[in-house]
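1051 is the number of the first residue of the sequence shown in the numbering used here; add one for each residue after it.
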Amino acid sequence: MEGDSGAKIAIRGKGSVKEGKGRSDAAHSSNQEEDLHCLIMADTEEKINKAKQLIHNVIETAASIPEGQNELKRNQLRELAALNGTLRDDENQACQNCGKIGHRKYDCPERQNYTASIICRVCGNAGHMARDCPDRQRGASWRNDGRPAGRINGGDAVDREMEQLMQELGGGS
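Given below as structure tokens:
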């Protein structure tokens, strides 16, 4: 803002310095007793008015927009993180799930429901594993409950139909 307006801008008063970061000199301690305000210094009235308008815009933005949507604050925090060397540039990286840019895999709106893709080996229904199957006999493992491996998704009915067909043809037991 100083570059845009040509004026020197200083934020003064209570809350202008983060707690614990303040200096201990007398001028600073008296400054912290005053209300929060901006000190604008420039060589022309025009530069002061320009700085004043920029400051009012920042105040209006901060007061009217929720903190998470404040683009100015977001950019300032991004710049601070870059200066500190802690910036992670997530916005320009592609999601590992859908390939789109702007979000991470754990925030992907197209994330697939994992439990819907699980198919039970005992009953053939989706949403649970064989060890959690309500049809499984308790105490017996799904691996040795006496059912052949192909008997899922109505396999018993298919076997009964096959057996009936074989009997009709005269080849069944």
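Note that beta-carbon positions come from the ideal geometry of N, C-alpha and C, so glycine has one too.
message = For Cys-1170, which residues in the same chain have their Cβ closer than 6 Å to its Cβ, ignoring the five residues on either side in sequence?
response = His-1178, Ala-1180 and Cys-1183
inquiry  = So if DSSP puts Arg-1062 in a beta bridge, which residue, or which two residues, is it bridged to?
reply    = His-1087
ask   = Is it buried or exposed for Val-1172, if we count other Cβ within 10 angstroms and need 16 for buried?
value = buried
message = Rounding to the nearest angstrom, what Cα-Cα distance links Gln-1082 and Glu-1117 in this structure?
response = 25 Å
task = Determine the direct distance from the alpha carbon of Arg-1124 to that of Gly-1135, and round the result to whole angstroms.
result = 16 Å
Inter-residue Cα distance where the pair is Met-1212 and Asp-1185 = 24 Å
ask   = Is it the case that the Cβ atoms of Glu-1084 and Gly-1065 are separated by a distance below 8 Å?
value = no
key: Residues of its chain near Asp-1157, where Cβ-Cβ distance is below 7 Å and the 5 sequence neighbours each way are ignored   = none
message = Within the continuous alpha helix (DSSP H) that includes Asn-1107, where are the two ends?
response = 1095 to 1114
query = Given a threshold of 16 other Cβ atoms within 10 Å of its Cβ, counted over all protein chains shown, does Ala-1112 qualify as buried or as exposed?
reply = exposed
ask   = Between the Cα of Gln-1146 and the Cα atoms of Arg-1161, Ile-1098 and Lys-1097, which residue gives the shortest distance?
value = Arg-1161
ask   = Just how far apart, CA to CA, sit Asn-1107 and Lys-1100?
value = 11 Å
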